[in-house]
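Reviewing the structure listed below.
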Amino acid sequence: MAKDATSPAKKIWVLHGPNLNLLGSREPGIYGTESLKHINQRLVGAASDAGAEVQCYQSNHEGELVDKIQAAGREKVDFIVVNPAAYTHTSVAIRDAFAAVKIPFIEVHLSNIHAREPFRQRSFLSDIAVGTICGLGSRGYDLALAYALLRGQE
Ligand code: DQA
1 MAKDATSPAK KIWVLHGPNL NLLGSREPGI YGTESLKHIN QRLVGAASDA
51 GAEVQCYQSN HEGELVDKIQ AAGREKVDFI VVNPAAYTHT SVAIRDAFAA
101 VKIPFIEVHL SNIHAREPFR QRSFLSDIAV GTICGLGSRG YDLALAYALL
151 RGQE
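According to our numbering, the residues represented by the sequence shown are 1 to 154, in order.
As structure tokens, then:
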């Protein structure tokens, strides 16, 4: 259904997993030189230009990410963009949280996980995601957000 003037602002959350707080200085040849703060500012700006609300959150702790996904369910978040980082490859708990809240989400990775070590080529989330974006650096977040903003307006 198309959004009209009376619809509430679309709520989108962007969740970042462990070590992404170090973006900018962490293995820049793989993850780029842009800081997480800068990426988040760009996403918040793009969403506000589109009349939507974006909140960004980072945690190094699996349980905190699970709590946040559950909170998104209670707060009726419309869409989640998530880079689960290393938990992509290990976390049944994060998968179960997404399955429980049933909020549509896109899984984003800065690097092309399919071109890296074999243990990174398995994701516990991809098959329940709306889609995945990887290998496009921080622009993957912008593309995921663009989709989230358009979704439901077609
Ligand atoms: C990552 C890829 C993961 O394998 C890794 O553990 C990360 C970042 C990415 O964005 O490319 O921390 O999710």
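Glycine included, each C-beta is placed from N, C-alpha and C at the ideal position.
Check	Outcome
Would you list the residues sitting across from Thr132 in a DSSP beta bridge?	Glu107
Determine, using beta carbons only, whether Arg42 and Asp142 come nearer to each other than 8 Å.	yes
Where DSSP assigns a beta bridge to Phe79, which residues make up the other side?	Ile12
Relative to the alpha-carbon of Thr90, which residue among Ser48, Gln55, Ala99 and Ser123 has its alpha-carbon at the smallest distance?	Ser123
Between His109 and ligand 1, is there a pair consisting of the residue's CB and a ligand heavy atom that are separated by less than 7 Å?	yes
Taking Glu177 as part of the beta strand (DSSP E), name the residues at either end of that continuous run.	Residue coverage of the chain in this structure runs from 1 to 154, which leaves residue 177 outside it and unanswerable.
Is Ile39 close to ligand 3? I mean its beta-carbon at under 7 Å from any heavy atom of the ligand.	The ligand content of the structure shown is limited to ligand 1, which means ligand 3 is not among them.
When DSSP labels each residue in this structure, what does Val68 get in the three-state scheme?	Rather than Val, the amino acid found at residue 68 in this sequence is Lys. The answer is helix: DSSP assigns Lys68 an H, G or I state.
Have a look at Lys76, Gly32, Ser59 and Ile113 and flag the residue whose alpha-carbon is nearest the alpha-carbon of Cys134.	Ile113
In this structure, how does DSSP classify Leu23 when only helix, strand and coil are distinguished?	coil
Taking the straight line between their C-alpha atoms, what separation do you get for Leu110 and Ile30?	8 Å
Compute every distance between the C-beta of Thr88 and the non-hydrogen atoms of ligand 1, then say whether any falls below 7 Å.	yes
By how many angstroms is the C-alpha of Asp49 removed from the C-alpha of Gly169?	The structure shown does not extend to residue 169, since the chain is modelled only from 1 to 154, so the question has no answer here.
Quick one, which of Thr33, Tyr57 and His38 has its alpha-carbon nearest Gly17's?	Tyr57
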